[in-house]
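K.L.:
The sequence shown begins at 194 in our numbering and counts up one residue at a time.
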Amino acid sequence: MQEYGELLQRYANVTVRVGLNLQPGQTLLVMAPVAGVEFVREVVKQAYGAGARHVYVDWEDEQVTKLRYQLEPEVALQEFPAWRVEQREQLAAQGAAFLTIHAGDPDLLLGVDARRIGAAKKAGLTALAKYREDIQNMRVSWLVVSIPTQPWAAKVFPEGTSAEQVARLWQAIFKATRVDGGDPVIAWGNHIKDLHEKANFLNEQRFKRLHYRGPGTDLKIELPERHLWISAESTNDQGTVFVPNMPTEEVFTLPYRTGVEGVVTSSMPLNHDGVLVENLSLTFRAGRVVDFSADSGYDTLKEILDADEGSRYLGEVALVPQNSPIANMGTLFYNTLFDENASCHLAIGSAYPVCLEGGAQMNREMLDQRGVNHSVMHVDFMIGSAQLNIDGETHDGRVVPVFRNGNWASQS
Ligand code: ZN
Ligand code: ZN
194 MQEYGELLQR
204 YANVTVRVGL
214 NLQPGQTLLV
224 MAPVAGVEFV
234 REVVKQAYGA
244 GARHVYVDWE
254 DEQVTKLRYQ
264 LEPEVALQEF
274 PAWRVEQREQ
284 LAAQGAAFLT
294 IHAGDPDLLL
304 GVDARRIGAA
314 KKAGLTALAK
324 YREDIQNMRV
334 SWLVVSIPTQ
344 PWAAKVFPEG
354 TSAEQVARLW
364 QAIFKATRVD
374 GGDPVIAWGN
384 HIKDLHEKAN
394 FLNEQRFKRL
404 HYRGPGTDLK
414 IELPERHLWI
424 SAESTNDQGT
434 VFVPNMPTEE
444 VFTLPYRTGV
454 EGVVTSSMPL
464 NHDGVLVENL
474 SLTFRAGRVV
484 DFSADSGYDT
494 LKEILDADEG
504 SRYLGEVALV
514 PQNSPIANMG
524 TLFYNTLFDE
534 NASCHLAIGS
544 AYPVCLEGGA
554 QMNREMLDQR
564 GVNHSVMHVD
574 FMIGSAQLNI
584 DGETHDGRVV
594 PVFRNGNWAS
604 QS
């Protein structure tokens with residue numbers, strides 16, 4: 194059993210070396226909560242150790258963000274500063290890497306007007322459209338990781354003292370990111386290879402459609418021609434391989450925009466901007482959400498779906514088995530990065546063009562023609578459970594079991 198200090202160093206090491214795969218001379222922008230200062234210092238140190246040219250840190254405090262949502266004049270909420278846009282676009286053009294350290298109080302925005310949050314978020318997403326396109330097309334290296342904060346740890350592990358709660362969340366994060374066993378760089382190499390084999394199997398099958406059946410779910414999802422299943426690794430414009438999410442357990446592709454029919458019900462709550470959306474159900478006709486409900490967080494779900502036309506359609510189809518390290522912990526993390534990697538999920542909103550052969554080189558018009566959804570939103574929600582079965586239907590009419598009782602049907 195290693196000490197916390199050593200585990201923290203290992204975590205920073207896989208962040209810089211495996212996740213970002215930072216190259217000598219490359220600049221790094223870190224977007225981090227003030228609560229993460231200890232981990233950020235370790236990352237900065239290791240980034241320079243890897244040969245970074247500059248390491249910039251953009252600090253954020255969630256209480257300040259909350260104050261803005263509550264107090265800023267309505268009209269100002271819809272503004273996003275051009276200098277922030279320029280910062281991201283300039284760094285992206287220089288081939289910098291982007292690290293987001295995502296950690297927040299899941300209950301932070303309870304009681305804050307969902308419409309005001311929606312307006313501010315939409316302004317940011319719209320202003321950063323070009324940068325986000327670079328990110329979504331994997332033109333630049335990026336990575337999302339998490340660190341515990343006190344309110345988040347207390348939500349996930351309500352028992353014990355504050356210090357114990359944070360320690361337990363660190364333990365869970367170290368386990369989920371494969372930092373607590375043997376050499377984490379070797380562990381990641383093996384894990385990436387396993388996921389790659391699953392993606393290869395699906396890419397060989399080239400399914401026309403997936404059929405999901407589970408409690409509250411009977412959904413058919415058409416897959417576009419020449420879709421690609423992707424796992425762990427991506428390659429940026431310079432040809433550098435990086436892993437954009439840590440942890441990652443998913444193999445994912447995109448749906449054909451107008452080819453989704455039926456009903457799907459979430460199997461775990463969705464935490465969106467601090468609001469918990471529970472038991473959400475979506476009904477699709479020709480790809481569009483024509484009806485929806487939720488036991489809680491209905492207003493937030495409505496804000497998501499009403500953001501633009503694309504937020505009425507799906508953009509991601511991801512497969513995650515029930516027996517993954519995160520799923521096996523049986524913990525609800527109230528954090529999409531962890532929860533989506535414990536469960537099969539779908540995303541409302543934009544699709545990743547890289548999930549289509551040659552998609553990263555296509556313009557918007559071509560992508561529209563090929564059925565690639567487009568939206569300012571990309572919100573993952575969990576649908577996996579031990580009762581979920583998924584069949585793949587081939588173009589010549591064969592039906593191949595893909596998932597049975599929440600796990601891969603064949604361990605091929
Ligand atoms: Zn996903
Ligand atoms: Zn997603």
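The beta-carbon is built from N, C-alpha and C at its ideal position, and this holds for glycine as well.
Rounded to a whole number of angstroms, what is the C-alpha to C-alpha distance between K401 and F445?
P.N.:
Each residue's Cα considered, the two are about 15 Å apart.
K.L.:
Pull up the distance between the alpha-carbon of G480 and that of P344, whole angstroms please.
P.N.:
Cα to Cα, G480 sits roughly 38 Å from P344.
K.L.:
Please confirm whether L512 and F596 have their CB atoms less than 8 Å apart.
P.N.:
Yes, the Cβ-Cβ distance between L512 and F596 is below 8 Å.
K.L.:
Going along the chain, which residues of its own chain have a beta-carbon closer than 6 Å to the beta-carbon of F232, five neighbours each way excluded?
P.N.:
For F232, where only same-chain residues beyond five positions count, the Cβ hits under 6 Å are I340.
K.L.:
Give me the residue from T529, L222, A320 and P546 with the minimum Cα distance to L270.
P.N.:
Checked all of T529, L222, A320 and P546; the closest Cα to L270 is A320.
K.L.:
Would the segment 494 to 510 and the segment 371 to 388 be scored as touching if the rule is three or more Cβ pairs under 8 Å?
P.N.:
No: the two stretches stay apart, fewer than three of their Cβ pairs being nearer than 8 Å.
K.L.:
Could you name the residues, in chain order, whose CB is less than 6 Å away from a heavy atom belonging to ligand 1?
P.N.:
Those residues, listed in chain order, are E443, F445, E509, A511, E533, H538 and D573.
K.L.:
Of the residues Q283, N330 and L201, which one's Cα is nearest the Cα of S543?
P.N.:
Nearest of Q283, N330 and L201 to S543, Cα basis: N330.
K.L.:
Going by alpha carbons, who is nearest to S578 out of S568, D532 and V547?
P.N.:
It is D532 whose Cα lies nearest to the Cα of S578.
K.L.:
Any heavy atom of ligand 4 inside 7 Å of the beta-carbon of H404?
P.N.:
Ligand 4 is not part of the structure shown, which contains ligand 1 and ligand 2 as its ligands.
K.L.:
On the three-state DSSP scale, how would you describe S355?
P.N.:
Of the three classes helix, strand and coil, the one that applies to S355 here is helix, per DSSP.
K.L.:
Verify the contact flag: A540, CB atom, against every heavy atom of ligand 2, threshold strictly below 7 Å.
P.N.:
Checking the Cβ of A540 against ligand 2 gives yes.
K.L.:
Near A520, what residues of its chain come up, given a Cβ to Cβ distance below 6 Å and the 5 sequence neighbours on each side ignored?
P.N.:
These residues qualify, in order along the chain: A535.
K.L.:
With three or more beta-carbon pairs closer than 8 Å as the criterion, would you say the segment 468 to 476 touches the segment 365 to 377?
P.N.:
Touching, no.
K.L.:
On a Cα-Cα basis, can you pick out the residue from G585, L336, V592 and D254 that is closest to V227?
P.N.:
Out of G585, L336, V592 and D254, D254 has the C-alpha closest to the C-alpha of V227.
K.L.:
Ignore the nearest five residues each way along the sequence and tell me which others in Y405's own chain have a CB closer than 6 Å to its CB.
P.N.:
Contacts found: L412 and I583.
K.L.:
By the three-class DSSP mapping on this structure, what secondary structure does H538 have?
P.N.:
Of the three classes helix, strand and coil, the one that applies to H538 here is strand, per DSSP.
K.L.:
Using a Cβ-Cβ cut-off of 7 Å (strictly less than) and excluding sequence neighbours within five positions of R419, which residues of its own chain qualify?
P.N.:
Closer than 7 Å at Cβ, skipping near neighbours: L549 and E550.
K.L.:
Considering only heavy atoms of ligand 2, does any lie closer than 7 Å to the CB of H567?
P.N.:
Result no, Cβ not under 7 Å from ligand 2.
K.L.:
Near L494, what residues of its chain come up, given a Cβ to Cβ distance below 7 Å and the 5 sequence neighbours on each side ignored?
P.N.:
Correct list, in chain order: V470, L473, F485 and A487.
K.L.:
I'd like the ranges of any beta strand (DSSP E) spanning at least 3 consecutive residues and lying wholly in the segment 450 to 505.
P.N.:
Within the segment 450 to 505, the complete beta strand (DSSP E) runs of at least 3 residues are 453 to 458, 463 to 465, 468 to 470, 474 to 478 and 481 to 486.
K.L.:
Helix, strand or coil for Y249, going by three-state DSSP, please let me know.
P.N.:
Correct three-state label for Y249: strand.
K.L.:
Going by DSSP, what residue range makes up the beta strand (DSSP E) through N214?
P.N.:
N214 -> no beta strand (DSSP E), and no H or E assigned at all.
K.L.:
Please return the same chain residues whose Cβ sits closer than 7 Å to the Cβ of T433, not counting the five positions on each side in sequence.
P.N.:
Same-chain partners within the cutoff: N214, Q216 and S334.
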